[in-house]
Amino acid sequence: MTLPYAEPYKIKMTEAIRTSTRAERETWIREASYNLFKLRSDQVTIDLLTDSGTGSMSDRQWAAMMTGDESYAGAISRLFGMPFFLPTHQGRAAENVIFSALLKEGDIVPGNSHFDTTKGHIEFRRCHAVDCTIDDAADTQKELPFKGEMDIAKLEKLLRENPREKVPCVVLTITNNTAGGQPVSMRNIRETAEVCRRYGVPLLLDSARFAENAYFIKTREAGYADKTIKEIVREIYTYADIMTISAKKDGVVNMGGFVAMRSEELYKRAMTFSIMFEGYVTYGGMSGRDMDALAVGLDENTEFEQLDARIRQVKLLGDLLDEYGVPYQRPAGGHAIFVDAKKVLPNLPKEQFIAQTLAVELYLEAGIRGVEIGSILADRDPDTHENRYPRLELLRLAIPRRVYSDNHIRVIAAACRNIYERRAEITTGYRITFEAPILRHFTVELDKI
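Numbering (the working numbering), first residue to last: -5 to 443.
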């Protein structure tokens, strides 16, 4: 008899979870103006808001925090091969540093579905983020092994039709979070790099979930099955000129990030902004102990067994939703399941924020906090100030690393099933009563219609 699968770690510490009644949750979410970001942690039973900074660190990482000898530099150089880098306190800070050095008003930054802070930093500088993701990413029921890819024809058309000086970089996000945590193949990374080099434009890899992307290359792309995750990562970054990373995801730390590059001239330009916004170039916004925890996390989380355990759990949630008939962005991504809110609530008008409505329903059903990846996150058009309605309205259920058991996953799936079974009863959504001019989803206030 073949032995069943078991996770490659054991648990040494636990945290109690508080359960609540539906009546309590109705009060709490109303007081939070129907914005799940505003809920307190003790008002949430299962927290799937983000996998960023919410994972369980290993014993080796905790031990490294006690020594804090700042050995992160060698870990970054060995894994990514970038000669110059600047530590930052998190990923959006890395974006702030590098975009301050690269972008000027009116620039165009093509990419494969820029995530919220990336697009926010671009538009804050009065530049334009242009989505060049493949069209198949918008069909949630289509099964493709690499569904987050750059459309090479779209990218080349944009570069051909715009002056070189208007395009400071191309951003390739791995994995593609906005499109459902979908990976990008090595072939597509290589082809994107070739186009960029032909037009003399730097390729920037947004690398928050680089290790998960490498896992999918190993398990889905021909020619990589026998390569280690670290070998695949090293090849990925031979095609990049610049990288930004929030280390709170695949670095499995509570805080940290960095920006790295090949150009010494760009490094010297970016140094000024690093010192201005983050701290001195040797530490940025990070403490020595966080740097050492990151060094260990980068090493541990580029081992196949750790990634396999994590991605198996995400797939389990997808398999259960399949069993219950709940539609989501297929196939299951690396860090989250993205429920297709348009298919769950097909009769709800887009003006009533479909994915946000589903997110609130899930919280009311079981105290589970997810996050809307839809019209609220898309912000208003910076020129017309009209709401932007993206092709996809998704409810992201981001699974923290090494935090929840498979029983928690079953509760999440059952709660989604319950909502899906009573979906005909959900006939109205929400309207905005307050919003910030940029990145509104963090602080937006809503009221029921």
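Using N, Cα and C, we set each Cβ at its ideal position, and we do this for glycine too.
Within the segment 81 to 149, the complete beta strand (DSSP E) segments at least 3 residues long are 102 to 105, 122 to 125, listed from N- to C-terminus. Ranked by Cα distance from Gly368, the options Leu314, Glu317, Phe109, Tyr231 are led by Phe109.
Under the DSSP assignment, Thr61 falls outside any beta strand (DSSP E), being part of the alpha helix (DSSP H) whose first and last residues are 53 to 61. The segment 167 to 210 contains, as complete beta strand (DSSP E) runs of 3+ residues, the segments 197 to 200 (chain order). The beta-bridge partner set that DSSP reports for Tyr(-1) is empty. Counting only runs of 4 or more residues that sit fully inside the segment 257 to 329, the alpha helix (DSSP H) segments are 258 to 271, 282 to 294, 298 to 318, in chain order.
The C-alpha of Phe347 lies about 8 Å from the C-alpha of Arg425. Excluding five sequence positions before and after Leu198, the CB atoms of its chain that fall closer than 6 Å to its own CB belong to Cys163, Val165, Ile236, given in chain order. Around the beta carbon of Ser268, 16 or more other beta carbons sit within 10 angstroms, so the residue counts as buried.
Within the model, the alpha-carbon separation for Ser14 versus Leu138 is close to 39 Å. In the DSSP annotation of this structure, Glu380 is not part of any alpha helix (DSSP H), being labelled neither H nor E.
When only Cα atoms are considered, Gln350 and Gly194 end up about 41 Å apart. Inclusion of Ile92 and Met255 in the CB contact set at 9 Å is warranted, their separation being smaller than that value. Note on Asp53: under 16 other CB atoms within 10 angstroms of its CB, so exposed under the neighbour-count rule. Taking Leu80 as the centre and dropping the five residues before and after it, the same chain places the C-beta of Ala88, Val91, Phe252, Val253, Ala254, Tyr261, Ala264, Met265, Ser268, Glu272, Val275, Gly278 closer than 8 Å to its C-beta, in chain order. In this structure, Leu391 places its C-beta atom within 9 Å of the C-beta atom of Phe332. Taking a 10 Å sphere around the C-beta of Glu18, we find fewer than 16 other C-beta atoms and assign the residue as exposed. Shown here for Glu188: not one same chain residue has a beta carbon closer than 8 Å to its own, the five before and five after excluded. With a cutoff of 9 Å on beta-carbon distance, Pro394 and Thr39 are scored as not near each other. A direct Cα-to-Cα measurement between Glu25 and Leu33 gives close to 9 Å. Per DSSP, Glu366 is one residue of the beta strand (DSSP E) stretching across 365 to 367.
Under the three-state reduction of DSSP output, Lys442 falls in the strand class.
Per DSSP, reduced to three states, the secondary structure at Tyr424 is strand.
Shown here, Gly75 sits in coil according to DSSP, grouped into three states, outside any helix or strand. If you draw a straight line from the Cα of Pro431 to the Cα of Gly114, it is about 10 Å long. Within the model, the alpha-carbon separation for His122 versus Asp441 is close to 31 Å.
With contacts defined by Cβ atoms closer than 9 Å, Leu97 and Ile116 form a contacting pair. By a beta-carbon distance limit of 8 Å, Ser201 contacts Thr238. Their separation comes to about 7 Å.
As DSSP reads the structure, Ser240 sits in a beta bridge with Gly251. For Phe436, the secondary structure class from DSSP, reduced to helix, strand or coil, is helix.
According to the DSSP secondary-structure assignment, Leu391 is paired through a beta bridge with Ile331. Sequence-distant partners of Leu358 (beyond 5 residues in either direction) whose C-beta falls short of 8 Å from its own C-beta, in its chain, are Arg16, Arg19, Glu20, Ile23. With respect to the C-alpha of Val246, the residue from Phe118, Ala408, Ala289 having the closest C-alpha is Ala289.
Beyond the five residues adjoining it in sequence on each side, Leu152 comes within less than 8 Å, by CB distance, of Ile102, Pro104, Val124, Cys126, Val161 in the same chain, given in chain order. Excluding residues up to 5 positions away in sequence, Phe436 lie with their Cβ nearer than 6 Å to the Cβ of Phe31 in the same chain. When the beta-carbon positions are compared, Arg324 and Thr172 stay at least 9 Å from each other.
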